[in-house]
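Have a look at the structure below before the remarks.
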């Protein structure tokens with residue numbers, strides 16, 4: 001294999017135990033907890049994302065630590081115990097969920113037999129047209145689980161106080177940082193809405209794409225930041241994880257919420273499935289791009305990935321007004337805002 005090829009030590013533990021992306025299949029259920037226009041329906045996806053990412057932070061430490069001490073069988077066993085605990089919490093808290101009785105089931109059955117209206121078909125088409133932007137973001141984002149680990153191994157001084165920090169530990173920041181960033185972002189959005197300057201869905205996604213692009217650009221500065229040993233300080237990837245998670249928080253949960261709240265009820269699960277396919281497509285392209293790392297400099301590689309995010313932001317900046325009109329729900333036709341808190345989308 002080429003000199004930059006990864007080995008087991010550089011594979012993030014999150015990859016070994018499975019990525020949390022599949023947990024977004026619960027997104028249709030999150031939307032069903034709130035009526036259309038409820039001010040909480042979009043922010044609910046941020047709380048859900050925070051819960052997932054806290055798990056991403058804790059799981060590699062606990063399961064990886066147990067695996068290191070007692071073997072992988074014990075590590076996977078601890079992961080299974082965690083799933084059982086999650087089920088117990090769900091069952092204990094299920095009494096707080098709204099009822100899902102026969103009346104709602106019959107209403108859903110009747111709705112499923114109705115054909116989409118022309119307005120609903122427009123919204124579905126608009127969501128499909130957003131998928132390329134999603135692919136651009138995830139092509140850059142999934143490099144964190146791909147080439148990034150090899151790049152850190154080869155370009156970053158991971159020694160702190162005589163201790164060699166394992167490369168996979170950096171991934172734990174992707175769970176810790178959002179636990180701080182999401183509450184601060186929710187506070188900021190609520191404050192802006194209270195001042196009648198709401199931050200709408202598309203503005204959030206544009207900021208998220210630009211921010212993630214800036215974070216990826218930081219990686220390209222490693223040669224400039226290199227110290228006497230030819231490696232950059234560990235502070236560079238730490239800064240990347242903090243800034244990139246800010247971009248992730250503003251983009252991904254907002255995109256998922258947009259698909260969940262703007263899809264017709266009978267198409268919600270299907271459209272969220274297409275959103276997941278876009279994530280998978282971005283991951284596939286990201287893997288193919290890994291070969292580019294063998295032929296260009298690391299600086300140029302990260303500049304290309306940053307450019308993908310900036311391109312996505314430019315697309316939304318130019319088209320967000322059109323998307324806002326296409327994706328507005330029927331009850332919002334008279335208003336430019338599509339957020340329940342009266343924020344422009």
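In UniProt numbering, the protein residues as written are 1 to 345. Quick reminder that beta carbons are idealized off the backbone N, C-alpha and C, glycines included. Fair warning: this is a prediction, and the values are worked out from it, not measured in the lab.
Residue 196 counts as exposed, since fewer than 16 other C-beta atoms from the protein chains shown sit within 10 angstroms of its C-beta. DSSP places residue 275 in the uninterrupted alpha helix (DSSP H) bounded by 268-289. Here residue 67 has 75 as same chain residues with Cβ atoms under 6 Å from its own Cβ, once five neighbours each way along the sequence are excluded. Boundaries cannot be given for residue 97, as no alpha helix (DSSP H) includes it and DSSP labels it neither H nor E. Under DSSP, residue 242 forms no beta bridge with any residue. For residue 143, there is no enclosing alpha helix (DSSP H), as DSSP marks it with neither H nor E. Within the model, the alpha-carbon separation for residue 64 versus residue 164 is close to 17 Å. Shortest Cα-Cα distance from residue 202 to any of 215, 253, 155 involves 253.
Judged by DSSP in its simplified three-state form, residue 216 adopts helix. The count of Cβ pairs closer than 8 Å, one atom from the region 204-217 and one from the region 86-101, stays below three, leaving the stretches out of contact. According to the DSSP secondary-structure assignment, residue 125 is paired through a beta bridge with no residue.
The Cβ atoms of residue 231 and residue 300 do not sit closer than 8 Å to each other.
Using a Cβ distance threshold of 8 Å, residue 249 and residue 181 count as a contacting pair.
With three or more CB-CB distances shorter than 8 Å, the region 290-308 counts as touching the region 145-159. In the displayed model, residue 182 falls within a helix according to three-state DSSP.
In this structure, residue 277 lies away from residue 247, with their beta-carbon atoms at least 8 Å apart. The count of Cβ pairs closer than 8 Å, one atom from the region 294-314 and one from the region 161-175, stays below three, leaving the stretches out of contact.
Straight through space, the alpha carbons of residue 143 and residue 194 are spaced by roughly 38 Å.
The alpha carbon of residue 136 has as its nearest neighbour, out of 313, 238, 49, the alpha carbon of 313. Under the three-state reduction of DSSP output, residue 35 falls in the coil class, being neither helix nor strand. Non-local C-beta neighbours of residue 124 in its own chain, meaning closer than 8 Å and more than five positions away in sequence, comprise 116, 263, 264, 267, 271, ordered along the chain. With respect to residue 283, residue 151 sits apart: the two C-beta atoms are not nearer than 8 Å. Put simply, the backbone Cα of residue 261 is about 30 Å away from that of residue 58.
If you compare the alpha carbons of 127, 242, 218 with that of residue 319, the shortest gap goes to 127.
Of the residues assessed, residue 48 falls on the buried side of the cut-off, its CB having 16 or more other CB atoms within 10 angstroms. When rounded, the separation of the alpha-carbon atoms in residue 29 and residue 70 is 38 Å. Taking the CA atoms as reference points, residue 84 sits about 11 Å from residue 77.
Residues 122, 126 of the same chain have their beta carbon placed closer than 6 Å to that of residue 326, with the five preceding and five following residues left out of the count. Contact check for residue 185 and residue 302: beta-carbon distance about 25 Å, past the 8 Å limit, so the pair fails to qualify. At a Cβ-Cβ threshold of 8 Å, residue 172 and residue 279 do not count as neighbours.
Under the DSSP assignment, residue 52 falls in the alpha helix (DSSP H) whose first and last residues are 43-70. Assigned with DSSP and collapsed to three states, residue 159 falls in strand.
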